Amino acid sequence: MNVHVQNATKLASPEACPALVLNADYRPLSYFPLSLWSWQDAIKAVFLDRVNIVSEYEQAVHSPSFEMRLPSVVSLKSYIKPALYPAFTRFNVFLRDRFECQYCGVSHDLTFDHVIPRSRGGQTTWENVVAACSPCNLKKGGRMPAHAEMFPSQRPYRPTVHDLHRNGRAFPPNYLHESWMDYLYWDTELEP
Ligand SMILES: [Zn+2]
Numbered sequence: 000m001n002v003h004v005q006n007a008t009k010l011a012s013p014e015a016c017p018a019l020v021l022n023a024d025y026r027p028l029s030y031f032p033l034s035l036w037s038w039q040d041a042i043k044a045v046f047l048d049r050v051n052i053v054s055e056y057e058q059a060v061h062s063p064s065f066e067m068r069l070p071s072v073v074s075l076k077s078y079i080k081p082a083l084y085p086a087f088t089r090f091n092v093f094l095r096d097r098f099e100c101q102y103c104g105v106s107h108d109l110t111f112d113h114v115i116p117r118s119r120g121g122q123t124t125w126e127n128v129v130a131a132c133s134p135c136n137l138k139k140g141g142r143m144p145a146h147a148e149m150f151p152s153q154r155p156y157r158p159t160v161h162d163l164h165r166n167g168r169a170f171p172p173n174y175l176h177e178s179w180m181d182y183l184y185w186d187t188e189l190e191p
């Protein structure tokens with residue numbers, strides 16, 4: 000995965016200058032998707048006194064009465080206690096399973112599989128739904144794992160927010176500003 004860290008020598012338009020949003024403990028609010036605000040939202044939060052500016056872009060916005068450099072990193076003044084458990088959503092199931100089919104490991108053409116089929120009373124819950132590619136899903140059909148001889152590579156479980164953060168760190172976005180790097184910890188190696 001190629002990650003490009005933009006340096007400050009080339010000035011982008013304000014629209015290309017999102018602010019990384021950190022909690023009051025200087026950790027990102029979210030890794031995946033990475034917590035970013037538009038420059039407008041970042042500046043609004045500065046004026047509402049809700050955030051500290053941690054780092055700035057070279058770019059500035061002007062009005063007749065003032066000039067302000069765009070924030071590249073802001074931190075919340077009030078700590079937001081992260082939820083312990085994330086919502087049960089399609090995206091979060093994929094993230095728990097690291098966007099890999101739990102039967103064969105491919106990461107494309109992903110859909111969902113009920114380990115115990117719905118026709119056998121299987122429920123749509125963290126403990127019974129896994130990411131599966133369409134071919135595996137089709138192959139397993141409405142059969143029980145033992146009958147199909149298809150078992151998920153990890154037993155499906157209800158993840159904590161911490162689990163999803165950890166997995167999200169394996170998927171850095173394509174764009175990362177250099178000023179963000181002190182606050183982000185990615186699993187993958189970054190290009191210098
Ligand atoms: Zn598969």
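Residues in the sequence shown are numbered from 0 upward in steps of one, following numbering that gives the first Met the number 0.
Heads up, the beta-carbon is just placed ideally off N, CA and C, and yes, glycines get one too.
Every value quoted in this text rests on a predicted model; they were computed, and no experiment measured them.
Is residue i helix, strand or coil by DSSP?
| i | result |
| --- | --- |
| D181 | helix |
| Q194 | Past the boundaries of the shown model lies residue 194; the chain is included only from 0 to 191, so the question cannot be answered. |
| P27 | strand |
| H61 | strand |
| Y174 | strand |
| V114 | coil |
| C103 | coil |
| L75 | strand |
| A147 | helix |
| R68 | strand |
Just how far apart, CA to CA, sit residue i and residue j?
| i | j | result |
| --- | --- | --- |
| L21 | L75 | 6 angstroms |
| V53 | C16 | 15 angstroms |
| Q5 | A41 | Residue placement at Q5 is flagged as unreliable, the pLDDT there being 49, under the threshold of 50; the coordinate-derived value follows with that caveat. Near 19 angstroms, if we compare the C-alpha coordinates of A41 and Q5. |
| A18 | P27 | 11 angstroms |
| R119 | E148 | 16 angstroms |
| E55 | S64 | 20 angstroms |
| E177 | D112 | 40 angstroms |
Using a Cβ-Cβ cut-off of 6 angstroms (strictly less than) and excluding sequence neighbours within five positions of residue i, which residues of its own chain qualify?
| i | result |
| --- | --- |
| S217 | This structure gives no information on residue 217, because the portion of the chain shown stretches from 0 to 191. |
| S106 | F98 and E99 |
| A11 | none |
| C135 | C100, Y102 and C103 |
| P116 | G141 |
| P81 | V160 |
Skipping 5 residues on each side, what residues in its chain have a beta carbon closer than 7 angstroms to that of residue i?
| i | result |
| --- | --- |
| P13 | W38, Q58, V60 and L69 |
| V114 | G121, N127, V129, P144, P151 and P155 |
| T159 | L83 and Y84 |
Could you tell me whether the Cβ atoms of residue i and residue j are closer together than 9 angstroms?
| i | j | result |
| --- | --- | --- |
| A131 | T110 | yes |
| V192 | Y182 | Since the first and last residues shown for the chain are 0 and 191, residue 192 lies out of range. |
| R157 | W125 | yes |
| Y78 | A23 | yes |
| H192 | S62 | Look at the range of the chain in this structure, 0 to 191, and you will see that residue 192 is not part of it. |
| L94 | G167 | yes |
Leaving out five residues on either side along the sequence, give the residues of the same chain with a beta carbon under 8 angstroms from the beta carbon of residue i.
| i | result |
| --- | --- |
| H3 | With a pLDDT of 49 at H3, under the threshold of 50, the modelled position of that residue is not reliable, and the figure given next carries that caveat. Hits under 8 angstroms: N173, Y174, L175 and E190. |
| Y25 | V53, S74 and Y182 |
Are the region 141-149 and the region 165-174 touching by the rule of at least three beta carbon pairs closer than 8 angstroms? The answer is no - the region 165-174 does not touch the region 141-149, with fewer than three Cβ pairs under 8 angstroms.
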